[in-house]
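Residue numbers (mature numbering (1 follows the signal peptide of the UniProt record, and there is no 0)): -24 to -1, 1 to 156.
Glycine included, C-beta positions come from ideal geometry on N, C-alpha and C.
Here the structure is a predicted model, which means the values were calculated and not measured.
Take a look at the structure below.
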Amino acid sequence: MSTIILKKLWLCVILLTFTVYAHAQHKLDEIPLLKVEDYKGKIPENAPFPIYTNSRVYFRIDTVIQKDPHQFQVGIKTKVEMYQPGSFWNTALVPENTVQRMLKHEQGHVYIAYIAANLIEKEMLTFTFTDNWRTEVGQKFHELTQKYGKMDGDYDNETMHSRDLAEQEKWNKKLVNMLK
């Protein structure tokens, strides 16, 4: 009798763990909005653009579930930050009447980092790792950041770095919806 209760209790714990992960950690209303003052980096002499936002995604191991003797499922939590020393804003090259539009475009890059973090957390749970799970999780995280990092390039290409206003508006809506 107690074995059945323990099995049911264990199943509830596992289900609760997955329920927690089913919801995105990073929510739209919790993401800080960019300001020109956030850009603290030195402007490179040959910078191809007057603005650059350097967003970084970090992770920590949150949950490890041993499924079989040598198989593990690992849940992670991510942290996203705008790396201010690596982000720059050349005020001499950004006309005052475009500042708000440019801030909104750069905010999109930050949103993409948060979206990637949410997707990485969710996707990490779909993998099974071996006894070497610590190393494998780091490798998988790197692989997933590369995969989702491509969205950042697509964003700039499709919006022409914010110059295509109609495409920029489509992306603005798309990114907000992805964070809901």
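Per DSSP, Q47 forms a beta bridge with which residues? Position 71 of the sequence shown, counted from the start, is the residue given in the question as residue 47. According to DSSP, Q47 bridges with D44.
Through-space distance from V33 to E57, alpha-carbon basis: Here residue 57 refers to the residue found at position 81 of the sequence shown. Here residue 33 refers to the residue found at position 57 of the sequence shown. When rounded, the distance between both Cα atoms is 7 Å.
In the DSSP output, which residue or residues are listed as bridge partners for E57? Here residue 57 refers to the residue found at position 81 of the sequence shown. Answer is R32, bridged to E57.
Between the CA atoms of D44 and E134 - distance to the nearest angstrom: Working through the sequence shown from its first residue, we reach residue 134 at position 158. Working through the sequence shown from its first residue, we reach residue 44 at position 68. Approximately 45 Å, taken between the alpha carbons.
Can you name the residues that DSSP bridges to I52? Taking the sequence shown and counting its residues from 1, one reaches residue 52 at position 76. The partner list for I52 (beta bridge, DSSP) reads I37.
Taking its Cβ as the centre, do 16 or more other Cβ atoms sit within 10 Å of A93, making it buried, or is it exposed? Residue mapping note: residue 93 aligns to position 117 of the sequence shown, counting from 1. Around the C-beta of A93, 16 or more other C-beta atoms lie within 10 Å, and the residue is accordingly described as buried.
What is the DSSP secondary structure of F105, counted as helix, strand or coil? The residue given as residue 105 occupies position 129 in the sequence shown. DSSP places F105 in strand when its eight states are reduced to three.
Going straight from the alpha carbon of T102 to that of E119, what length do you get? Stepping through the sequence shown from its first residue, residue 102 is reached at position 126. Stepping through the sequence shown from its first residue, residue 119 is reached at position 143. One C-alpha to the other measures close to 14 Å.
With a threshold of 7 Å on Cβ separation, who are the neighbours of S138 within its own chain once the five nearest residues in sequence on each side are excluded? Position 162 of the sequence shown, counted from the first residue, corresponds to residue 138. Around S138: R77, M78, H81 and Q144.
When DSSP labels each residue in this structure, what does F64 get in the three-state scheme? On the sequence shown, position 88 is the one that residue 64 refers to. Three-state result, F64: strand.
Which residue comes first and which comes last in the alpha helix (DSSP H) that contains R77? Start at 1 with the first residue of the sequence shown, and residue 77 comes out as number 101. Element bounds for R77: V75 to M100.
Note down the Cα distance separating P8 from Y131, rounded to an integer number of angstroms. The residue given as residue 8 occupies position 32 in the sequence shown. The residue given as residue 131 occupies position 155 in the sequence shown. Approximately 20 Å, taken between the alpha carbons.
Taking Cβ positions, are S63 and D107 nearer each other than 9 Å? Locating residue 63 in the sequence shown gives position 87, counting from the first residue. Locating residue 107 in the sequence shown gives position 131, counting from the first residue. Not in contact: S63 and D107 (Cβ atoms no closer than 9 Å).
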